[in-house]
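Worksheet: the structure to be examined is printed underneath.
Chains as they are written, first to last, in my numbering: chain A, 1 to 380; chain B, 381 to 727; chain C, 728 to 1060.
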């Protein structure tokens, strides 16, 4: 290499003669810069932050609690929030209109009409249903709600027991997002360990692990998930079921991540800096931990971000069928169980709203994950 | 003399627009390719020689773009046209430039493995440009492919024509590439580092083959390389490129024996010399090619030039001077005042 | 080529074996067995169960034998006699129950696969070749939404729309007047007309995924040197794109059949439950909910095996398509 000291490996002409090293900016800065330039990803990240905040402060953000019910408000339609009353001059202040309820004596179904003569004043930081913040601190303040503590407002309508959909969806966010994260955390451990072992050692180990992955990927996941979840004893408590479902989801979900990690390891194993580290006498653990893993952290983060939505979708599907989480746990999938009945949907289409939450969550997670993945290859 | 010119590149400029800067990969290059002669363009990686070669056929991938200059392709003697066509003015990937590609001007690339499709047979890929430009049948194209493989001295062409590139050795693949380029008897062959990926013996065979073909067919060859050894072996004329500009140009013997530009000298000194004393250290050029997009005032080579004069080389842009017939050099230290004024007038 | 096929077929055996283990595991996992469930149900109905009858049943199903023996009895019954055991809930042979359903599931999955391909191919190619064009953005966005919406959500929305605006309750692949009719042209047409909605719903996620895969592959391939070579030969742009990069990017595309089949079967199960189609889905869920484990296990076994066979077919298709695989030359990634 004496002739032209810095000759890079042959690449395509554009990169060779023009592109190449983008100066001395660190990889991290480059990744961040590329990510922020991707508007869809930034937008997704903002919404995702919103979801995280909602999951953390569910109790406070809900206008009510997910369990408070009112038999006079079954399938009550959503109430529109008005900010200014212009019917009689200009009168600022949030309010909703009350309902006029009529009960069909035969079917006991309530029919609702907007009663424009009765206003229910709405305020911020109002007193309402009592709850325990994070299950610890007793509180009764809600970010938004009816000013009168004995009245409820239904921004997103009510379910068949007259429970507030908005509060239920907000609490469902916590459960669904956390099960996605927990499932991915578990898959992460399995995927990185098995994928890493497979890619680093290669040979027979690699072959066995690859067969295992191929096998797991060849089984239709939904029937398999269904089978395994059905095997979860029905007398287990909510927490036990929650963990069982998480384990089941990640038992099958780690394969994709393992493939990514393995592929990376295989290609990195050939790189000079890894050989150099090994020649310097670094142990296997150190070579993997200090030299190989950091060079593809961003890829792992991207794969993880892209794995969360699959977990959420899987949980939703299972719970929807009644094979996943069970009442009284509130997850998006559990909430959608109400939508199984066509008449419920017909009477109260807002029972489908948890599905909209699922779609948005999965969408933004995909945006963010793709953004990270694209940004992780600044030299591409 | 001018009758022999097949390709005339004048003030060619190819820029790459990236998010951060405009990279002037090719920044005003003048070159002339003559019939039956080989012009070697030599320079370090990143000097824009490959982008220059691709610009001729408008093959620069986005964000690269030919932004100025002319690429004049002279018509063959028997053609009724006498005016040269300006390839730089054509629509990229348009019909006109496509009719030139592979027929008048053919190109071969550095990596025969990745430059050939691995899922199509050799015969399919060789015959393809014939079928596009002459519209002959599949069967005729295959027969012609066998002939072409014979011509580039591939053993057992009847067998090779139906094989896939991954079944061939590196040297064989490059022969297939050459056969592909020769399919339509082009007047100009552009070879972009065709021997870089090959081992030394194979490299020598391919160079021999190219030299023979050039003599027999009488095509002009524009040969891109970074290897002075290859230059010595194949070139008639040499152009030395640095950061998108040609810094020195002339017949191969004169360049080797009387280099005028400090960069050319440095390149020649960096070649390992087997005649030298055993313990002599290899000379390298100090520093390395600046990062693309770096804007340098004055002469582009001054930060690495051992002869750079402060106050001159880092402020004044050098002009091309003609120190002897057939020779051009672009260095402030070789400009005398008269020369400088003269070229200034020309511009 | 023959060696490749043989090896691929041999690889299938351990996978099939593993699937049978999983199915058996699912049968065995729930506490108790179908007999205890059966007894519990009988007692709940107020019927007494005498010990002799239980022992006779235990004897018959060998429930006191070691697990290995039970597994062998179960799997050998399936392999040698096509006997999948008894459905406790339906009091019938499992094999009487499943084949019709699995046939329909398979028909739905294959139709959906073909349709997804037909839709995804031109869109994916367009979207890659015209990267960052308005069309690309639109397609990418729709693709994202398609991926993000759970299949059953779409099915629910569809059910709601047709109920609300057309006053129709959806459901069924075979209309009532044909339920007991023999297969004839009318019945086929009827099935086709009922089939296209579920096919569309099941296909959304898969199609969106295929478009994304094809677009990403093609974007990689479009920058490869061999494309420049083809361009340097003077080929028209579309012709060279279709001949070279598209051809190359289809290899991973073909191998996606392997993983898209499980997804389609899963999606089909979900959608069929919502739209109450007479396929595997509703019966499988029922079986799982009522712990009718021989029925559930058989479904999982058969669906899993069919997917493995599907994967095999896609691998063979790939070998036919890609000479590198046919000639045993595998590039390491």
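All C-beta atoms in this analysis are idealised placements derived from N, C-alpha and C, irrespective of residue type, glycine included.
Within the DSSP bridge table, the entry for residue 916 of chain C names no partner. Of the candidates B/390, B/389 and B/407, B/407 places its Cα closest to the Cα of residue 675 of chain B.
Residue 1016 of chain C reaches chain A at 230, 322 and 323, counting residues in chain order whose Cβ is nearer than 8 angstroms. Beta-bridge partners of residue 617 of chain B (DSSP): B/419 and B/631.
Ranking C/1004, C/829, C/989 and C/1038 by CA distance to the CA of residue 924 of chain C puts C/1004 first. Between residue 222 of chain A and residue 993 of chain C, the C-beta gap is smaller than 8 angstroms, which places the two residues in contact. Within the same chain, and ignoring the five residues on either side of residue 463 of chain B in sequence, no residue has its Cβ closer than 6 angstroms to its Cβ.
Judged by DSSP in its simplified three-state form, residue 115 of chain A adopts strand. At a cut-off of 8 angstroms between C-beta atoms, residue 940 of chain C does not count as an interface residue with respect to chain A. In the three-state reduction of the DSSP assignment, residue 473 of chain B falls in the coil class, being assigned neither a helical nor a strand state.
The alpha-carbon of residue 193 of chain A is positioned some 8 angstroms away from that of residue 258 of chain A. Around the C-beta of residue 49 of chain A, fewer than 16 other C-beta atoms lie within 10 Å, and the residue is accordingly described as exposed. Just so you know, the alpha carbons of residue 824 of chain C and residue 442 of chain B end up roughly 60 angstroms apart.
Per DSSP, reduced to three states, the secondary structure at residue 960 of chain C is coil, with no helix or strand assignment. Taking the Cα positions, residue 104 of chain A is about 49 angstroms away from residue 368 of chain A. Sequence-distant partners of residue 371 of chain A (beyond 5 residues in either direction) whose C-beta falls short of 8 angstroms from its own C-beta, in its chain, are 35, 38, 40, 41, 42, 44 and 45.
The three-state reading of DSSP puts residue 697 of chain B in coil, since its state is none of H, G, I, E or B.
Using beta-carbon distances, residue 864 of chain C does not count as an interface residue toward chain B, since no partner is under 8 angstroms.
Among the CB atoms of chain A, none fall inside 8 angstroms of the CB of residue 979 of chain C. Proximity of the stretch 948-956 of chain C to the stretch 475-482 of chain B falls short of the contact definition, fewer than three beta-carbon pairs being nearer than 8 angstroms.
Taking CB atoms only, residue 947 of chain C has no neighbour in chain B less than 8 angstroms away. Per DSSP, the unbroken beta strand (DSSP E) holding residue 83 of chain A starts and ends at 82-85. Going by C-alpha positions, residue 170 of chain A is about 9 angstroms away from residue 57 of chain A. Taking the CA atoms as reference points, residue 829 of chain C sits about 27 angstroms from residue 255 of chain A. Residue 133 of chain A is bridged by DSSP to A/137.
By the Cβ neighbour-count rule, residue 580 of chain B is exposed, with fewer than 16 other Cβ atoms within 10 Å of its own. Shortest Cα-Cα distance from residue 937 of chain C to any of C/980, C/966 and C/807 involves C/980.
Interface criterion met: the Cβ of residue 359 of chain A is under 8 angstroms from a Cβ in chain C. Under the three-state reduction of DSSP, residue 708 of chain B is assigned to strand. Looking at the DSSP output, residue 622 of chain B shares a beta bridge with B/625. In this structure, the beta-carbon distance from residue 482 of chain B to residue 959 of chain C falls below 8 angstroms. For residue 498 of chain B, the nearest beta carbon of chain C is closer than 8 angstroms to its own beta carbon. Among the residues of chain A, those whose CB is under 8 angstroms from the CB of residue 871 of chain C are 363, 366 and 367, following chain order.
Fully contained in the stretch 967-1036 of chain C are the following alpha helix (DSSP H) runs of length 4 or more, in chain order: 972-1002 and 1007-1016.
Cβ neighbours of residue 990 of chain C within its own chain (closer than 8 angstroms, five residues either side excluded): 932, 933 and 936.
Apart from sequence neighbours up to five positions away, the residues of its chain that approach residue 111 of chain A with a beta-carbon distance below 6 angstroms are 102, ordered along the chain.
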